[in-house]
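A.B. asks: Note that my numbering has the sequence shown beginning at 140, numbered continuously upward.
We put the CB at the ideal spot given by N, CA and C, even for glycine.
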Amino acid sequence: MKSDIEIAQEATLKPINTIATDLGLDLDDWEPYGHTKAKLSEHLLDKLKDRPEGKVILVTSINPTPAGEGKSTVTVGLGQALNRIGKKSVIALREPSLGPVMGIKGGAAGGGFSQILPMEDINLHFTGDLHAITTANNALSAIIDNHIHRGNELNIDPRRIEWKRVMDMNDRALRQIVVGLGGPLRGVPREDGFNISVASEIMAVLCLSTSINDLKARLSRMVVGYTYDEQPITVKDLKVEGALTLLLKEAIKPNLVQTIENTPAIVHGGPFANIAHGCNSVLATKTAAKLGEYVVTEGGFGADLGAEKFLDIKTRAGDIDTAAVVIVATVRALKMHGGMAKAELKQENVEALKAGMENLKKHIETIETFGLPFVVAINKFPSDTKAETDFISNWCESRGFEVALTDVFAHGGEGGIELAQKVVEKANTSDKNFKRIYELDESLETKIRKVAQQVYGADDIELSPKAKKQITLYEELGWGKLAICMAKTQYSLSDDPTLLGRPRDFTINIRELRPSIGAGFIVVLTGDVMTMPGLPKEPAALKMDVSEDGKAVGLF
């Protein structure tokens, strides 16, 4: 089978004006970015406010492994399959970060015959949204340091500045730095550091905002640090919320593209799910719901991260009603959770698969805790044997779980028709009793403990002395009623990435908390999770190139 990029480059795309017209959009509802991309108006959602909303389908998965799960591929394939069975569907996805694209994880445009296109643009600079977020973030950093250099009227304590610079790349060398060296003309020396751009609070703010005014209000509430007497300093105190909004006025507009099968897709925003809340923008999802009968969207990584945050954070911020959930699993990943080494995965091993099913079972229990109907999607790989896929199907069916074998990578929408039919049935069932893991008026510690116990399966949490002090301070400052955003490894249900399968008898270690007041949540850092990843020994960038006629080479 050809590579993703070869398949993408041979696809026939419709002009973006045709996709827009098929959605019923007027000329003033969108603006072209070349022939195959467009920006949707930030006013479109308000224009469509009286239109009924389509059913939102959330795609999540088991804990990811190096073997791959193909969650984005299933998301795209399901959207295409829904169209094939006569349902008007729109896909809503995140934008990829250049860090993982150039590193090890890969892109976020799907794969095989279930891709969003143009995949080269989407996986690289796209329409410049991430660059705008990076610029706005670093403009704020410059304003902070300039304020201190020019007399520090707000009495900011340089030792207590929370705001970090960012770049859209994995670069471990920038995790901890010192700025302001070189004498009085070059600023005030202080410790600083870089996060990856998708971990910036500005990314989270953009993705949770519902309008320009809401964006400006959220930006103004962002806490950048504290005074010498530990009072918070906000963007509003620095009087730059207007300038930051100006830098983001194009980035807030959702991006319209299409799949290989010309299904419309809205791709917008991209916060990491192991660091931030891991969902595309509220504007994208809600706009898609106004334009289609069914919206297929996803939460990053497994149900312990992206799905929990989608349901506990995003649906609150955007008043989004989730109709059903798809839980993606693969034979390969389940065998790794059952103890097999990656190099051995092509060998049939039903016993390892049986052991790995405990990971799938826990994610099913999590979705059941939320009270939502679901379908398990077995994402087929060429090395899977019939005995292995039959085992997963029989395991699910014997427990009353709806399951569908999908092959959307090799066959596009045609390979997801069974899944689409079962999703439609589940999305229209009355068997739904949605409830969140916690209520906002509960204490921060209670909310953290509930997620750790009910979603991760932990016995309890252990708060560091720093985390205890921060909880006390945050609740005194009136931030205790905000949502929580757990920053945790994606590879394990625990905070230890080496504990695969379904760990038991473990404690979640809470290292520290960080305020994301503009986004509306408190980030809770567990274990050793990093907000600036590093590159692997052999980055994917080593295989990338461009041909003489300007075509991308080696991009997956």
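Report the option in Leu383, Gly364, Asn334 and Leu187 whose CA atom is closest to the CA atom of Arg738.
C.D. replies: For the chain, the structure presents residues 140 to 695; residue 738 sits outside this window and is missing.
A.B. asks: Determine the burial state of Glu696: buried for a count of at least 16 other Cβ atoms within 10 Å of its Cβ, exposed for fewer.
C.D. replies: In the structure as shown, the chain starts at 140 and stops at 695, and residue 696 therefore has no counterpart that could be examined.
A.B. asks: Quick check: the stretch 476 to 492 against the stretch 503 to 519, are there 3 or more CB pairs under 8 Å?
C.D. replies: These segments do not touch.
A.B. asks: Would Asn567 and Ser603 be called neighbours here (beta carbons separated by less than 9 Å)?
C.D. replies: Position 428 of the sequence shown, counted from the first residue, corresponds to residue 567. Position 464 of the sequence shown, counted from the first residue, corresponds to residue 603. No. Outside cutoff.
A.B. asks: With 16 as the cutoff for other CB atoms within 10 Å, does Arg304 come out buried or exposed?
C.D. replies: For the purposes of this step, residue 304 is identified with residue 165 of the sequence shown, where counting begins at 1. Arg304 is buried by the Cβ-count criterion.
A.B. asks: Pull up the DSSP beta-bridge partners for Ala626, would you.
C.D. replies: On the sequence shown, position 487 is the one that residue 626 refers to. Looking at the DSSP assignment, Ala626 forms a beta bridge with Leu664.
A.B. asks: For Ser655, which of helix, strand or coil comes out of DSSP?
C.D. replies: Indexing the sequence shown from 1 puts residue 655 at position 516. Here Ser655 sits in strand by DSSP.
A.B. asks: Count the other CB atoms, across all protein chains shown, that sit within 10 Å of the CB of Thr157; report buried if there are 16 or more and exposed otherwise.
C.D. replies: Here the question's residue 157 lines up with position 18 in the sequence shown. When all chains shown are included, Thr157 counts as exposed.
A.B. asks: Could you spell out where the beta strand (DSSP E) holding Gln597 opens and where it closes?
C.D. replies: Here the question's residue 597 lines up with position 458 in the sequence shown. The question names Gln, but residue 597 in the sequence shown is Ala. From DSSP, Ala597 is part of no beta strand (DSSP E); its letter is neither H nor E.
A.B. asks: Given a cut-off of 9 Å on the beta-carbon distance, is the pair Glu208 and Ala468 in contact?
C.D. replies: For the purposes of this step, residue 208 is taken as residue 69 along the sequence shown, with counting starting at 1. For the purposes of this step, residue 468 is taken as residue 329 along the sequence shown, with counting starting at 1. Going by C-beta atoms, Glu208 is nearer than 9 Å to Ala468.
A.B. asks: So what does DSSP say about Ala390, is it helix, strand or coil?
C.D. replies: Taking the first residue of the sequence shown as position 1, residue 390 is located at position 251. Coil at Ala390, not helix or strand.
A.B. asks: Alpha carbon to alpha carbon, what distance is there between Lys392 and Asp168?
C.D. replies: Counting from one through the sequence shown, the residue named residue 168 turns up at place 29. Counting from one through the sequence shown, the residue named residue 392 turns up at place 253. Taking the straight line from one Cα to the other gives about 11 Å.
A.B. asks: Please check the pair Arg360 and Gly657, which I expect to be a contact at CB under 8 Å, by giving their CB distance rounded to whole angstroms.
C.D. replies: For the purposes of this step, residue 360 is taken as residue 221 along the sequence shown, with counting starting at 1. For the purposes of this step, residue 657 is taken as residue 518 along the sequence shown, with counting starting at 1. Rounded, the Cβ-Cβ distance is 5 Å, consistent with contact.
A.B. asks: From the DSSP output, in three-state form, read off Pro323 for me.
C.D. replies: Position 184 of the sequence shown holds residue 323. DSSP places Pro323 in helix when its eight states are reduced to three.
A.B. asks: Using only CA atoms, which one of Ile506, Gly495, Ile556 and Ala549 lies nearest to Ile531?
C.D. replies: Within the sequence shown, numbered from 1, the residue matching residue 531 stands at position 392. Cα-wise, what sits closest to Ile531 is Gly495.
A.B. asks: Here's the rule: buried if 16 or more other CB atoms are within 10 angstroms of the residue's CB, otherwise exposed. What is Gln315?
C.D. replies: Indexing the sequence shown from 1 puts residue 315 at position 176. Under this definition Gln315 is an exposed residue.
A.B. asks: Quick one: give me the first and last residue of the beta strand (DSSP E) that Tyr433 is part of.
C.D. replies: What you label residue 433 is simply residue 294 of the sequence shown in a count that begins at 1. Here the beta strand (DSSP E) through Tyr433 covers Tyr433 to Glu437.
A.B. asks: What number of angstroms, rounded off, separates the C-alpha of Pro171 from the C-alpha of His264?
C.D. replies: Stepping through the sequence shown from its first residue, residue 171 is reached at position 32. Stepping through the sequence shown from its first residue, residue 264 is reached at position 125. In a straight line, the C-alpha of Pro171 is about 16 Å away from that of His264.
A.B. asks: Near Val240, what residues of its chain come up, given a Cβ to Cβ distance below 6 Å and the 5 sequence neighbours on each side ignored?
C.D. replies: Sequence index remark: in the sequence shown, residue 240 carries index 101 (1-based). Contacts found: Gly246 and Asn262.
A.B. asks: Take Gly193 as the anchor and find which of Val692, Ala427 and Leu583 has the nearest alpha-carbon.
C.D. replies: By one-based count along the sequence shown, residue 193 stands at place 54. With distances taken between Cα atoms, Gly193 lies closest to Ala427.
A.B. asks: Could you check the C-alpha separation between Phe548 and Gly216 for me, to the nearest Å?
C.D. replies: Within the sequence shown, numbered from 1, the residue matching residue 548 stands at position 409. Within the sequence shown, numbered from 1, the residue matching residue 216 stands at position 77. Whole-angstrom Cα-Cα distance: 7 Å.
A.B. asks: Please return the same chain residues whose Cβ sits closer than 6 Å to the Cβ of Lys226, not counting the five positions on each side in sequence.
C.D. replies: Position 87 of the sequence shown holds residue 226. Excluding positions up to five away in sequence, the list reads Glu432 and Tyr433.
A.B. asks: When DSSP labels each residue in this structure, what does Asn419 get in the three-state scheme?
C.D. replies: Sequence index remark: in the sequence shown, residue 419 carries index 280 (1-based). If DSSP states are grouped into helix, strand and coil, Asn419 belongs with coil.
A.B. asks: Please give me, in chain order, every unbroken run of the beta strand (DSSP E) with length at least 3 that falls completely inside the stretch 152 to 209.
C.D. replies: Here the runs fully enclosed are 169 to 171, 177 to 179 and 194 to 200.
A.B. asks: Using the C-alpha atoms, what's the distance from Thr528 back to Lys378?
C.D. replies: For the purposes of this step, residue 378 is taken as residue 239 along the sequence shown, with counting starting at 1. For the purposes of this step, residue 528 is taken as residue 389 along the sequence shown, with counting starting at 1. Their Cα atoms are separated by approximately 58 Å.
A.B. asks: Measure the CB-CB distance between Val198 and Thr545 and report whether it falls below 9 Å.
C.D. replies: Position 59 of the sequence shown, counted from the start, is the residue given in the question as residue 198. Position 406 of the sequence shown, counted from the start, is the residue given in the question as residue 545. In this structure, Thr545 does not lie closer than 9 Å to Val198 by Cβ.
A.B. asks: According to DSSP, is Phe333 helix, strand or coil?
C.D. replies: Here the question's residue 333 lines up with position 194 in the sequence shown. Of the three classes helix, strand and coil, the one that applies to Phe333 here is strand, per DSSP.
A.B. asks: Can Asn202 and Asn394 be called in contact, C-beta distance under 9 Å?
C.D. replies: One-based indexing of the sequence shown puts residue 202 at position 63. One-based indexing of the sequence shown puts residue 394 at position 255. No.
A.B. asks: Bridge partners for Ser228 per DSSP, in chain order?
C.D. replies: By one-based count along the sequence shown, residue 228 stands at place 89. According to DSSP, which records beta bridges pairwise, Ser228 is partnered with Tyr433.
A.B. asks: Which residue from Pro235, Val337 and Ala231 puts its Cα closest to that of Thr274?
C.D. replies: Taking the first residue of the sequence shown as 1, we reach residue 274 at position 135. Of the candidates Pro235, Val337 and Ala231, the one whose C-alpha sits nearest the C-alpha of Thr274 is Val337.
A.B. asks: Quick one: which unbroken alpha helix (DSSP H) runs of 4-plus residues sit fully inside the stretch 450 to 520? Chain order, please.
C.D. replies: Qualifying alpha helix (DSSP H) stretches, in chain order: 454 to 457, 470 to 476 and 489 to 508.
A.B. asks: Near Gly441, what residues of its chain come up, given a Cβ to Cβ distance below 7 Å and the 5 sequence neighbours on each side ignored?
C.D. replies: If you number the sequence shown from 1, residue 441 lands on position 302. Only Thr199, Ser200, Ile201, Asn202, Pro203, His502 and Gln629 meet the Cβ criterion.
A.B. asks: Report yes if the C-beta distance between Leu652 and Ile610 is below 9 Å; otherwise report no.
C.D. replies: Start at 1 with the first residue of the sequence shown, and residue 652 comes out as number 513. Start at 1 with the first residue of the sequence shown, and residue 610 comes out as number 471. A contact, by the Cβ cut-off of 9 Å.
A.B. asks: When burial is assigned at 16 or more other CB atoms within 10 Å of the CB, is Ala312 buried or exposed?
C.D. replies: Counting from one through the sequence shown, the residue named residue 312 turns up at place 173. When all chains shown are included, Ala312 counts as exposed.
A.B. asks: Tell me which same chain residues have a C-beta within less than 8 Å of the C-beta of Ile506, skipping the five on either side of it?
C.D. replies: Locating residue 506 in the sequence shown gives position 367, counting from the first residue. So the list reads Thr199, Ala442, Ala446, Val464, Ile466 and Phe513, once near-sequence residues are dropped.
A.B. asks: For Ile230 versus Phe695, is the C-beta distance shorter than 9 Å?
C.D. replies: As a first step, residue 230 is located in the sequence shown; it is residue number 91 there, counting from the start. As a first step, residue 695 is located in the sequence shown; it is residue number 556 there, counting from the start. Against a cut-off of 9 Å, the Cβ pair of Phe695 and Ile230 comes out as no contact.
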